[in-house]
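Visitor: Counted the way the numbering used here counts, the sequence shown spans residues 678 to 1188. Idealized CB from N, CA, C, for every residue including glycine. Here the structure is a predicted model, which means the values were calculated and not measured.
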Amino acid sequence: MPHRTLQRWLLSVGAILLLGSSARADVALPSIFSDHMVLQQNAPLPVWGWAAPGEHITVSIGQQTRSVTADTSGRWNLTLDKLSASSPLTLTVAGRNTIVIKDVLVGEVWLGSGQSNMQLSVNDVTNAWQEKTAANFPQIRMFTVARRPAITPQTNCEGEWVVCTPESVGNFSATAYFFGRELHRKLGVPVGLIHASWGATPIETWTSMPAQEAQPALAPVLKQWQATLRIPYVEAEAQAQFDRALATWTTNAEALKAEGKTVPPKPQKRGDPRLDKNYPANLFNGMINPIIPYAIRGAIWYQGENNTANNWAGLYSIQLPLLIRDWRQRWQEGNFPFAWVQLPNFDAKNNAANWPVIRECMLQSLAVTNTGMAITMDVGDPVNIHPKNKQTVGHRLALWAFAKVYGQDVPWAGPLPAGNEIKGNEIILNFTHTDGGLVAQDGELKGFAIAGADHHWTPATARIQGNQVIVSSPEIKSPKAVRYAWGANPACNLFNGAGLPASPFRTDNWK
678 MPHRTLQRWL
688 LSVGAILLLG
698 SSARADVALP
708 SIFSDHMVLQ
718 QNAPLPVWGW
728 AAPGEHITVS
738 IGQQTRSVTA
748 DTSGRWNLTL
758 DKLSASSPLT
768 LTVAGRNTIV
778 IKDVLVGEVW
788 LGSGQSNMQL
798 SVNDVTNAWQ
808 EKTAANFPQI
818 RMFTVARRPA
828 ITPQTNCEGE
838 WVVCTPESVG
848 NFSATAYFFG
858 RELHRKLGVP
868 VGLIHASWGA
878 TPIETWTSMP
888 AQEAQPALAP
898 VLKQWQATLR
908 IPYVEAEAQA
918 QFDRALATWT
928 TNAEALKAEG
938 KTVPPKPQKR
948 GDPRLDKNYP
958 ANLFNGMINP
968 IIPYAIRGAI
978 WYQGENNTAN
988 NWAGLYSIQL
998 PLLIRDWRQR
1008 WQEGNFPFAW
1018 VQLPNFDAKN
1028 NAANWPVIRE
1038 CMLQSLAVTN
1048 TGMAITMDVG
1058 DPVNIHPKNK
1068 QTVGHRLALW
1078 AFAKVYGQDV
1088 PWAGPLPAGN
1098 EIKGNEIILN
1108 FTHTDGGLVA
1118 QDGELKGFAI
1128 AGADHHWTPA
1138 TARIQGNQVI
1148 VSSPEIKSPK
1158 AVRYAWGANP
1168 ACNLFNGAGL
1178 PASPFRTDNW
1188 K
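Now the structure itself:
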């Protein structure tokens, strides 16, 4: 059916379900309120759900009891006072029926989101067997949001809180787990991890539509997707087209097999583009909105690979800050901590030029207040877009959290560019986060290139001098700009004394 008709049908079904729920008068909660949940310590705690219009609801936990009346649509919400980390509690929600949620812990709650590298599980990491065997952490719990796109913002999702054990941890998001494990070990409190990710998705599907529509620079992105709707989607036509293609493929496949030739992949049925997981806002609607406003400490983000594969890579410097602002506004938390993983080294065969562009956009996004970035140029896999060393990724995200969220005195970032000066035939580069001094790991510095006014780049000689790097080339008498690690899989080795790698960067803004 056409997407407008489909949307009206979905809305009508939702209304019917809501009326059915109200008619039964059962108090109901979103799935994120369930056994083994973790509540954010030392923060107001929103609780919400559904009941019959006008029904009186009482919520109790520990020594607190709060009451509220459901509105005319059957929706209710209230806020519990702050709780401190404690032994397991019971949350009780009572109206005409009673819901009892057991084994509730109070500690630190973080949201982990993004695409396939956030989705990659502990089952698939380096030393997976050893990691799983040692994963006896009953105070670490993970709630994985079911992967489901939606045309309109949803109020609930499928999922459950899972206690971390050697038997369960294999299906946990590895990046989120290793991050949470470090927090648990060092802070000594329970850790709840909300995992919402989906492989091969762009950032625009994770950001709300109103936020994107209000940003003029993103008009080309939205128009490109809207163009997919010009041909109305008709289920019967799509099915008939698929049946014909499959019949042709089957006939050809049999002939190819008889000749000993390679059989091409089976045809795929065309789906409604408006329901595509990549359509702007669809995963925000289906996977992020349902957990708002559950109290969280902050968010970690591992995404960007998909955005190297389109024509708008440079817009990521707008899209990432926009997503952060959008989420913060919707959580009504104007400044909650947010950190991301800068794309690692990878020998991209297609769109290789866009990998350093996305990394630069991520570096520029550090201008957003209360944000951080884990630099991973040394732990990628040149031949695998899904590097298996997620332990280091989680560790570096945790370093940022310890330093910037929990007030501990630890280095959290590798060297970041902090201006430059041209002197004769040399360019002098300044850096922040040089903890312990700049270091060329494994030999002489590499990864630097230099150019003059003609924009012709040549490999450069680079040397460390205190907290600066001096770059030059005998071929460039009047240098204008320097680039470091500017490539999809560059050879680069600038670190600080804390063992953290420098971010790729450039001093020019040339196209």
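Between the region 979 to 994 and the region 1035 to 1052, do at least 3 Cβ pairs fall closer than 8 Å?
Guide: Flag = yes, the region 979 to 994 and the region 1035 to 1052 touch.
Visitor: Starting from the Cα of Val-777, find the closest Cα among Asn-966, Leu-768, Val-783 and Glu-914 and give me that residue.
Guide: The candidate whose alpha carbon is nearest that of Val-777 is Leu-768.
Visitor: Would you mind sorting Ala-896 into buried or exposed? The rule is 16 or more other CB atoms within 10 Å of its CB.
Guide: It counts as exposed.
Visitor: Give me the residue from Thr-985, Ile-908, Pro-707 and Leu-766 with the minimum Cα distance to Glu-837.
Guide: Nearest C-alpha to Glu-837: Pro-707.
Visitor: I think Asp-1024 touches Val-1070, with their Cβ atoms under 8 Å apart; what is that distance to the nearest whole Å?
Guide: Contact doesn't hold; Cβ gap of about 19 Å is too wide.
Visitor: How about Leu-760 and Val-736: do their beta carbons lie closer than 9 Å?
Guide: No. Outside cutoff.
Visitor: With a 10 Å radius around its C-beta and 16 neighbouring C-beta atoms as the bar for buried, classify Asn-1027 as buried or exposed.
Guide: Exposed is the call here.
Visitor: Considering just the uninterrupted stretch of the alpha helix (DSSP H) at Gln-903, what are its terminal residues?
Guide: It spans 896 to 903 - the alpha helix (DSSP H) in which Gln-903 sits, taken as one unbroken run.
Visitor: Could you tell me the alpha carbon to alpha carbon distance between Leu-782 and Gln-718, rounded to whole angstroms?
Guide: Distance between the alpha carbons of Leu-782 and Gln-718: 9 Å.
Visitor: When burial is assigned at 16 or more other CB atoms within 10 Å of the CB, is Ile-908 buried or exposed?
Guide: Looking at its Cβ environment, which holds fewer than 16 other Cβ atoms inside 10 Å, Ile-908 is exposed.
Visitor: Quick one: give me the first and last residue of the beta strand (DSSP E) that Lys-779 is part of.
Guide: Per DSSP, Lys-779 belongs to the beta strand (DSSP E) from 775 to 791.
Visitor: Between Val-1148, Met-819, Asn-1144 and Phe-1172, which has its C-alpha nearest Asp-1055's C-alpha?
Guide: The option with the nearest alpha carbon to Asp-1055 is Phe-1172.
Visitor: Using DSSP with H/G/I as helix, E/B as strand and the rest coil, what is Phe-1013?
Guide: Coil.
Visitor: Taking all protein chains shown into account, decide if Asn-774 is buried (16 or more other Cβ within 10 angstroms of its Cβ) or exposed.
Guide: When all chains shown are included, Asn-774 counts as exposed.
Visitor: Which same chain residues end up closer than 8 Å to Pro-730 when comparing Cβ atoms and leaving out the 5 residues on each side of it in sequence?
Guide: So the list reads Ser-699, Ala-747, Asp-748, Thr-749, Ser-750 and Gly-751, once near-sequence residues are dropped.
Visitor: For Asn-754, report the span of its beta strand (DSSP E) as first-last.
Guide: 752 to 757 is the span of the beta strand (DSSP E), which, as asked, contains Asn-754.
Visitor: On the CB-based measure, 16 or more other CB atoms within 10 Å of its CB, does Thr-742 come out buried or exposed?
Guide: The residue is exposed, with fewer than 16 neighbouring Cβ atoms inside 10 Å.
Visitor: Where do the ends of the alpha helix (DSSP H) carrying Gly-857 lie?
Guide: 851 to 864 is the extent of the alpha helix (DSSP H) around Gly-857.
Visitor: Does the region 912 to 925 come into contact with the region 1001 to 1021, if we say contact requires no fewer than three beta-carbon pairs (one atom in each stretch) closer than 8 Å?
Guide: Too few Cβ pairs lie closer than 8 Å, so no.
Visitor: So for Glu-1098, helix, strand or coil by DSSP?
Guide: It is a strand residue.
Visitor: Looking at the structure shown, is Asp-920 part of a helix, part of a strand, or coil, going by DSSP?
Guide: It is helical.
Visitor: Would you decide whether Val-1082 is buried or exposed? Buried here means 16 or more other CB atoms lie within 10 Å of its CB.
Guide: Its Cβ being crowded by 16 or more others within 10 Å, Val-1082 is buried.
Visitor: Rounded to the nearest angstrom, how far is the Cβ of Met-714 from that of Gly-857, given a contact under 8 Å?
Guide: About 15 Å; that fails the 8 Å criterion.
Visitor: Please classify Gly-876: does DSSP put it in a helix, a strand, or coil?
Guide: Gly-876 falls in the coil class under three-state DSSP.
Visitor: Do Gly-1113 and Pro-1094 come within 9 Å of each other at the CB atom, strictly closer than that value?
Guide: No, the Cβ-Cβ distance between Pro-1094 and Gly-1113 is not below 9 Å.
Visitor: Please identify the residue among Ser-1150, Asn-1102, Ile-1099 and Ala-873 whose C-alpha is closest to the C-alpha of Lys-1123.
Guide: Taking only the C-alpha atoms, the option nearest Lys-1123 is Ser-1150.
Visitor: Quick check on the DSSP output: what are the complete beta strand (DSSP E) runs of length 3 or more inside the region 1048 to 1078, in order along the chain?
Guide: Taking only runs of at least 3 residues, the beta strand (DSSP E) segments lying wholly in the region 1048 to 1078 are 1048 to 1051.
Visitor: With three or more beta-carbon pairs closer than 8 Å as the criterion, would you say the region 876 to 896 touches the region 920 to 931?
Guide: They do not touch, by the three-pair rule.
Visitor: Who does Arg-743 pair with in a DSSP beta bridge?
Guide: Arg-743 pairs with Val-736.
Visitor: Need the endpoints of the beta strand (DSSP E) that Leu-999 sits in, please.
Guide: Per DSSP, Leu-999 belongs to no beta strand (DSSP E); it is in the alpha helix (DSSP H), 993 to 1007.
Visitor: Going straight from the alpha carbon of Gly-1174 to that of Val-1116, what length do you get?
Guide: So the two alpha carbons sit approximately 6 Å from each other.
Visitor: Can you tell me the Cβ-Cβ gap for Phe-855 and Gln-1068, rounded? I've got them flagged as a contact below 8 Å.
Guide: Confirmed, about 5 Å.
Visitor: In or out: Asn-1031 buried (at least 16 other Cβ within 10 Å) or exposed?
Guide: Burial call: buried.
Visitor: Below 9 Å between beta carbons: does that hold for Asp-1003 and Ala-894?
Guide: No. Outside cutoff.
Visitor: Quick one: Cα of Asn-1170 to Cα of Pro-1092, how far?
Guide: Those two C-alpha atoms are separated by around 11 Å.
Visitor: For Arg-1036, report the span of its alpha helix (DSSP H) as first-last.
Guide: Element bounds for Arg-1036: 1031 to 1041.
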